[in-house]
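Take this note's numbering: the final residue in the sequence shown is number 1864, and no numbers are missing along the way. Report on the structure given below.
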Amino acid sequence: MHNLATVIKFEIIRTLKKPTFWISVLLTPILVVALGALGAFSQIQAQSQLSDLSDKKINFRITDESKIISPAIIEAIGGKTAPASGKNTAVEEIKAGKLDAYYLVPKNLAEDTVEIYGANSGLAENAKYSSILSAMLKSSSIETVDENKIIALNSTFRTQEVIYKDGELYDPAAGMIAPGIFLVIFYLVILLLSNQMLTSITEEKENRVTEMILTSIKSETLIIGKIISLAILGLIQILILFIPTITGFLLARSYLNIPDITPLLSNIRWEFWPIMVGTITLISGFMMFTGLLVGISAAVPTAKDANNFFSVVILFLMAPFLLSSSFFATTPDIAARVLSIFPLTSPVSLLLRNMLGTLTVHEGVLGISVLTVSAIVTIYLAVRIFRYGTISYGTRVSLKQVFTRK
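Encoded structure:
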């Protein structure tokens, strides 16, 4: 194992020099920031346009049979009241370009339809007619209806929830943030590195360079070096993803009216048990999936064959969320417990239940023990598969070859 550091250094530097690595890492935060900025800009523009439309004065007439709209408000925005008999005259004036709009507000708004007639001003501008009517109805209602009733109907009242668990004050959100970080990191690392794990060996097999490497380095040293380098690259990717995201959030918070989350962050609970479970599960789960994917990479002849297994990996990663009702229940059912023990689904299942606070001590110890043993076995098998598969060109390695050869 004396060449282990050399292998790790070589794998990391070689990967960092690849443009595809940086493209795959930076593309996600760039897209998230770009889409977020575009969405925020569109929202601001839409709100500004709606505000302008509702404040814009137009030449209109209105027949208010409901008697809700205040005459003062109608006059303030350039309108005039008219009897119901004047509907046809108003419509003809709109057609002739002498009038912008006519409104007929029925007596019973719950059962009858409000009629709006307007002159075409373009697809976006035509929305002003409905906006103006809504503004008039809302402003007039505020004048006559008790403010508390309006707040109750619109559900705009402020609330303060105080939740107790086991006789003590409990904040569910604050308790989920710290363990939830491990779940996010696990997903990001596996999704970003899975393709590289699958092709880490097949590319060298296709280039026929592995046998030359193995003349100076033991197969165990090479495969373990690759696994450790993948773990370090995963850490680098996480730092690249989180640092720009946090920086962008701090810079854009004031411009995009993002709520202040400082009180929430100050209440985050960093408890020993959830942090320990998250750390061990993250490391063991990563090592198990890395050993599995590297073993597949060594067993198949080409990178194309290795990529066929990517969808299977994604299926196991998403399985707990496909059965989310089992996990989000107050007491997880048998499906959640089974997925917490089955090695290929236990990393996400354990991290999810750890975040939700439904993972008991004995289930956590059992799940972590099974996962840790599975990680060791998977890496051991990956080393054996690599030993015989890395020089098998054009054919797949069978399990018989792995277990019968010494």
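Heads up, the beta-carbon is just placed ideally off N, CA and C, and yes, glycines get one too.
Using the C-alpha atoms, what's the distance from residue j back to residue i?
| i | j | result |
| --- | --- | --- |
| phenylalanine 1768 | aspartate 1624 | 44 Å |
| phenylalanine 1844 | leucine 1773 | 25 Å |
| serine 1486 | isoleucine 1609 | For clarity, residue 1486 is threonine in the given sequence; the question names serine instead. Those two C-alpha atoms are separated by around 41 Å. |
| valine 1877 | isoleucine 1741 | The displayed coordinates of the chain run from 1459 to 1864. Any statement about residue 1877 would go beyond what the structure contains. |
| glutamine 1935 | lysine 1607 | Because the chain spans 1459 through 1864 in this model, residue 1935 falls outside it and cannot be assessed. |
| leucine 1557 | alanine 1585 | 17 Å |
| serine 1798 | alanine 1777 | 11 Å |
| glycine 1822 | valine 1491 | 37 Å |
| threonine 1788 | valine 1770 | 30 Å |
| leucine 1750 | leucine 1829 | 13 Å |
| valine 1563 | arginine 1519 | 11 Å |
| isoleucine 1535 | tyrosine 1560 | 13 Å |
| isoleucine 1704 | valine 1483 | 16 Å |
| leucine 1651 | phenylalanine 1785 | 27 Å |
| glycine 1646 | lysine 1596 | Position check: residue 1646 holds leucine in this sequence, whereas glycine was assumed. Whole-angstrom Cα-Cα distance: 47 Å. |
| alanine 1631 | valine 1806 | 19 Å |
| histidine 1820 | leucine 1496 | 47 Å |
| glutamine 1695 | tyrosine 1628 | 34 Å |
| glutamate 1408 | arginine 1727 | An answer regarding residue 1408 cannot be provided, because it is not within the stretch 1459 to 1864 covered by the chain. |
| asparagine 1765 | isoleucine 1733 | 34 Å |
| isoleucine 1590 | phenylalanine 1615 | 25 Å |
| lysine 1476 | isoleucine 1837 | 26 Å |
| leucine 1649 | glycine 1537 | 60 Å |
| isoleucine 1675 | glycine 1825 | 35 Å |
| isoleucine 1738 | leucine 1493 | 34 Å |
Under DSSP, the beta strand (DSSP E) around residue i begins and ends at which residues?
| i | result |
| --- | --- |
| alanine 1559 | 1559 to 1563 |
| glutamate 1729 | From DSSP, glutamate 1729 is part of no beta strand (DSSP E); its letter is neither H nor E. |
So the alpha helix (DSSP H) residue i belongs to, where does it begin and stop?
| i | result |
| --- | --- |
| glutamate 1551 | 1545 to 1553 |
| phenylalanine 1518 | From DSSP, phenylalanine 1518 is part of no alpha helix (DSSP H) but of the beta strand (DSSP E) over 1518 to 1522. |
| glycine 1536 | Careful: glycine 1536 lies outside any alpha helix (DSSP H) and carries neither H nor E. |
| isoleucine 1469 | The sequence given here has glutamate at residue 1469, not isoleucine. First-last of the alpha helix (DSSP H) with glutamate 1469: 1462 to 1474. |
| isoleucine 1792 | 1792 to 1799 |
| arginine 1811 | 1804 to 1814 |
| proline 1778 | 1768 to 1780 |
Based on the DSSP output, what are the partners of residue i in its beta bridges?
| i | result |
| --- | --- |
| tyrosine 1838 | Tyrosine 1838 is not bridged to any residue. |
| glycine 1576 | Ala1559 |
| tyrosine 1622 | Leu1627 |
Three or more C-beta pairs below 8 Å linking the stretch 1632 to 1646 and the stretch 1798 to 1815:
yes
Taking 8 Å as the cut-off, does the stretch 1527 to 1538 touch the stretch 1566 to 1573 (at least 3 CB pairs, one atom from each stretch)?
no
For the 8 Å Cβ check, are there 3 or more pairs between the stretch 1460 to 1477 and the stretch 1679 to 1693?
Yes, they touch.
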